[in-house]
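One structure is given here, and the rest of the page talks about it.
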């Protein structure tokens, strides 16, 4: 995130793509909606006509999985009409010629054919973006949860660099994280390819540094396994034990039948959680965790801001802070870790070995926190990354990408596209909200959101039961007939076990990020008998 949410009020234009902010990020969307009500422009690219799309000056209702075709079409207009930021491109970027060669293959007419967005809309939106500076681009999982997710992100960056919008307040490429501390977990090194602070595992200098600091030898110099390989390793025996820490994978991973087979194959499975879940059923050991409000610590938000979290209640029963559990397990493995609180871990360990966080100490984040990079105790934090187009790597590197279709497309047997996401009233798989009577009154079951045209074709109304099936499983859920969804598309969420969309979703993954393609798979549906 390159901006402060408070700066939304100063923004002149927003391009929101692959993000239903009003339901998935209601707090952040409030800042955006307030800015729009004060006159900021809003362009939304989304297959559904969401509440946010209804507020927009332009709604580009693209086909599921056609983001790159649409973005390349916008860039084609910018380049051919010479309305891109030539000065910025020439002084702050490289590989423009490669980008131009690729996007020249996506004139508005071809982009329209692939994306479903009319050519005249593509031209009009490109001109609006070129005429308003800076414009802030915001994306969420609608961009990343595809087999081309990494390329989707690269394409958004290409567009913003072409417009000269990177490195300025109220500009940039701004991912909204899927949960409240995803950013913080990544910062701390909860990824298979980096140490804390994004220091690469394959870098010999980083390896030597952490070996010395941790007092160990022979840290692995190869990247670790990503989630799909980990879970498949449970079946093959390559992975014999697994510790699942605060995630209900039996509901969140695609193709639940296969995921449960993988979990059942584990020789030894440990789960840390605050409530029983569908995943803890497979655990050999369950470690009861303290909830976020039951221990001190930090969260890092999408804007790279590190904030304090303060204990307000005592963990119930045998529940313990998560850091304490890791420390006690390490002790039984012969490692005596000295830090004895979240503050000591941060102040004496993490901020010492992670240069981008060196200047962030608990004593400095008592108020509104600090944004990294923050490289010294005198550093004020970094509100805007790549300021004025001066990229941390030198020059911004255009990475042209081609459009590719989803891994699974519709056919005569499975004629509908299923796309999935989140609804406002429940959080994730309802492990934290499923026992709330009021929320269940607002949303008590999963639905299949379908268009009026498709409902009429099947002779169903809202509330009627539908049977949905993919090549992996089937569910029976109530229909929700809504003009939000275009014909040929079905939209569902994963909050409810019985009607969870992940009985249907496709375990196809982006080759780089290994993120699953939750946003596109082929299904069939009919009225339930």
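In this note's numbering, the protein residues as written are 737 to 1265. Glycine included, C-beta positions come from ideal geometry on N, C-alpha and C. Every value quoted in this text rests on a predicted model; they were computed, and no experiment measured them.
**Asked** Is the number of C-beta pairs between the segment 1237-1254 and the segment 1201-1214 that are closer than 8 Å three or more?
**Response** Touching, per the Cβ criterion.
**Asked** So residue 1078 is in the alpha helix (DSSP H); what residue range does that whole segment cover?
**Response** Along the chain shown, one-based indexing puts residue 1078 at 342. Per DSSP, residue 1078 belongs to the alpha helix (DSSP H) from 1078-1081.
**Prompt:** Bridge partners of residue 794, per DSSP?
**Reply:** Translated into the one-based positions of the chain shown, residue 794 becomes position 58. Residue pairing for residue 794: DSSP places it in a beta bridge opposite 779.
**Prompt:** DSSP on residue 980, reduced to helix/strand/coil?
**Reply:** The count along the chain shown starts at 1 and reaches residue 980 at position 244. Correct three-state label for residue 980: strand.
**Item:** residue 1262 in three-state terms, based on DSSP
**Value:** Stepping through the chain shown from its first residue, residue 1262 is reached at position 526. Of the three classes helix, strand and coil, the one that applies to residue 1262 here is strand, per DSSP.
**Message:** Using the three-state DSSP reduction, which class does residue 1025 fall into: helix, strand or coil?
**Reply:** The sequence position of residue 1025 within the chain shown is 289, counting from 1. In the structure shown, residue 1025 sits in a strand (DSSP, three-state: E or B).
**Request:** Report buried or exposed for residue 827, applying the criterion of at least 16 other Cβ atoms within 10 angstroms of its Cβ.
**Result:** As a working mapping, residue 827 is identified with position 91 in the chain shown. It counts as exposed.
**Asked** residue 1057 bridges to which residues according to DSSP?
**Response** For this step, residue 1057 is matched to residue 321 along the chain shown. DSSP lists no partner for residue 1057.
**Request:** Whole angstroms is fine: what's the gap from residue 802's alpha carbon to residue 907's?
**Result:** By 1-based counting over the chain shown, the position of residue 802 is 66. By 1-based counting over the chain shown, the position of residue 907 is 171. C-alpha separation (whole angstroms): 24 Å.
**Asked** Given a threshold of 16 other Cβ atoms within 10 Å of its Cβ, counted over all protein chains shown, does residue 840 qualify as buried or as exposed?
**Response** Position 104 of the chain shown, counted from the first residue, corresponds to residue 840. Here residue 840 is exposed, its C-beta having fewer than 16 other C-beta atoms within 10 Å.
**Sheet register partners of residue 1245 (DSSP bridge)** = Along the chain shown, read from residue 1 onward, the residue named residue 1245 stands at position 509. Answer is 1252.
**Request:** Would you decide whether residue 1004 is buried or exposed? Buried here means 16 or more other CB atoms lie within 10 Å of its CB.
**Result:** Taking the first residue of the chain shown as 1, we reach residue 1004 at position 268. When all chains shown are included, residue 1004 counts as exposed.
**Request:** Check whether the Cβ atoms of residue 982 and residue 975 lie closer than 7 Å to each other.
**Result:** In the chain shown, the residue the question calls residue 982 occupies position 246. In the chain shown, the residue the question calls residue 975 occupies position 239. Their beta carbons are not under 7 Å apart, which means residue 982 does not touch residue 975 by this criterion.
**Asked** Between residue 987 and the rest of its own chain, which residues show a CB-CB distance below 8 Å, the 5 nearest in sequence each way excluded?
**Response** Against the chain shown, residue 987 aligns to sequence position 251. Answer for residue 987: 1013, 1014, 1015, 1165, 1230, 1233, 1236, 1238, listed in chain order.
**Prompt:** Do residue 873 and residue 902 have their C-beta atoms within less than 7 Å of each other?
**Reply:** On the chain shown, residue 873 is found 137 positions in, with the first residue counted as 1. On the chain shown, residue 902 is found 166 positions in, with the first residue counted as 1. Not a contact, by the Cβ cut-off of 7 Å.
**Asked** For residue 1198, which residues from the same chain have a beta carbon less than 7 Å from its beta carbon, with the 5 sequence-adjacent residues on both sides left out?
**Response** The sequence position of residue 1198 within the chain shown is 462, counting from 1. Within the same chain, residue 1198 has close Cβ partners 1215, 1216, 1217.
**Request:** Mark residue 1049 as exposed unless 16 or more other C-beta atoms lie within 10 angstroms of its C-beta, in which case mark it buried.
**Result:** The sequence position of residue 1049 within the chain shown is 313, counting from 1. Residue 1049 comes out exposed.
**Euclidean distance between Cα positions of residue 952 and residue 945** = Position 216 of the chain shown, counted from the start, is the residue given in the question as residue 952. Position 209 of the chain shown, counted from the start, is the residue given in the question as residue 945. Rounded to whole angstroms, residue 952 to residue 945 spans 10 Å at the Cα level.
**Prompt:** Rounded C-beta distance between residue 990 and residue 1254? I'm assuming under 8 Å.
**Reply:** For the purposes of this step, residue 990 is identified with residue 254 of the chain shown, where counting begins at 1. For the purposes of this step, residue 1254 is identified with residue 518 of the chain shown, where counting begins at 1. About 6 Å separates the CB atoms of residue 990 and residue 1254; that is less than 8 Å, so the two are in contact.
**Request:** Going by CA-CA distance only, name the one from 1066, 1026, 1030, 980 that's closest to residue 1007.
**Result:** Within the chain shown, residue 1007 is the residue found at index 271, counting from 1. The option with the nearest alpha carbon to residue 1007 is 980.
**Message:** What does the Cβ neighbour count give for residue 1105, buried or exposed, with the cut at 16 atoms within 10 Å?
**Reply:** Here residue 1105 refers to the residue found at position 369 of the chain shown. Answer is buried; the Cβ neighbour count reaches 16.
**Residue nearest to residue 1107 in terms of C-alpha spacing, selected from 1096, 804, 1189** = Numbered from its first residue, the chain shown carries residue 1107 at position 371. Measuring from the Cα of residue 1107, the nearest candidate turns out to be 1096.
**Message:** Taking the straight line between their C-alpha atoms, what separation do you get for residue 1041 and residue 919?
**Reply:** Along the chain shown, one-based indexing puts residue 1041 at 305. Along the chain shown, one-based indexing puts residue 919 at 183. Distance between the alpha carbons of residue 1041 and residue 919: 9 Å.
**Message:** Quick check on residue 895: does DSSP put it in helix, strand or coil?
**Reply:** Within the chain shown, residue 895 is the residue found at index 159, counting from 1. Three-state DSSP puts residue 895 in a helix.
**Request:** Report the residue from 1078, 939, 812 whose alpha carbon sits nearest the alpha carbon of residue 898.
**Result:** Mapped onto the chain shown, residue 898 falls at position 162. When each option's Cα is compared against that of residue 898, the closest is 812.
**Message:** Quick check on residue 1210: does DSSP put it in helix, strand or coil?
**Reply:** Your numbering for residue 1210 matches position 474 in the chain shown. Note: residue 1210 maps to strand in three-state DSSP.
**Item:** Cβ separation of residue 911 and residue 1155, assumed to be a contact under 8 Å, to the nearest whole Å
**Value:** As a working note, residue 911 is residue 175 in the chain shown. As a working note, residue 1155 is residue 419 in the chain shown. Wrong, their Cβ atoms sit about 19 Å apart, outside the cutoff.
**Item:** Boundaries (first-last residue) of the alpha helix (DSSP H) holding residue 808
**Value:** Along the chain shown, read from residue 1 onward, the residue named residue 808 stands at position 72. Start and end: 803-816.
**Asked** Which runs of the beta strand (DSSP E), 3 residues or longer, sit entirely within the segment 845-906?
**Response** If we require 3 residues or more, the beta strand (DSSP E) runs fully inside the segment 845-906 come out as 871-875.
**Asked** beta strand (DSSP E) containing residue 770: first to last residue?
**Response** Numbered from 1 along the chain shown, position 34 holds the residue referred to as residue 770. Careful: residue 770 lies outside any beta strand (DSSP E), inside the alpha helix (DSSP H) at 762-773.
**Prompt:** How would you call residue 1159, buried or exposed, if buried means at least 16 neighbouring beta carbons within 10 angstroms?
**Reply:** Against the chain shown, residue 1159 aligns to sequence position 423. So residue 1159 counts as buried.
**Beta-carbon proximity list for residue 1111, same chain, < 8 Å, skipping 5 on both sides** = Mapped onto the chain shown, residue 1111 falls at position 375. For residue 1111, where only same-chain residues beyond five positions count, the Cβ hits under 8 Å are 1091, 1092, 1094, 1095.
**Prompt:** When the Cα atoms are used, what is the spatial distance from residue 762 to residue 995?
**Reply:** For this step, residue 762 is matched to residue 26 along the chain shown. For this step, residue 995 is matched to residue 259 along the chain shown. Whole-angstrom Cα-Cα distance: 31 Å.
**Prompt:** Among 1247, 760, 824, 755, which residue has its Cα nearest to the Cα of residue 1163?
**Reply:** Residue numbering aside, residue 1163 sits at position 427 when the chain shown is read from its first letter. Checking every option, the nearest Cα to that of residue 1163 belongs to 760.
**Prompt:** Residue range of the alpha helix (DSSP H) that residue 824 falls in?
**Reply:** Along the chain shown, one-based indexing puts residue 824 at 88. Run containing residue 824: 822-828, per the alpha helix (DSSP H) assignment.
**Message:** Is it buried or exposed, residue 825, if we count other Cβ atoms within 10 angstroms and call 16 or more buried?
**Reply:** If you number the chain shown from 1, residue 825 lands on position 89. Label assigned to residue 825: buried.
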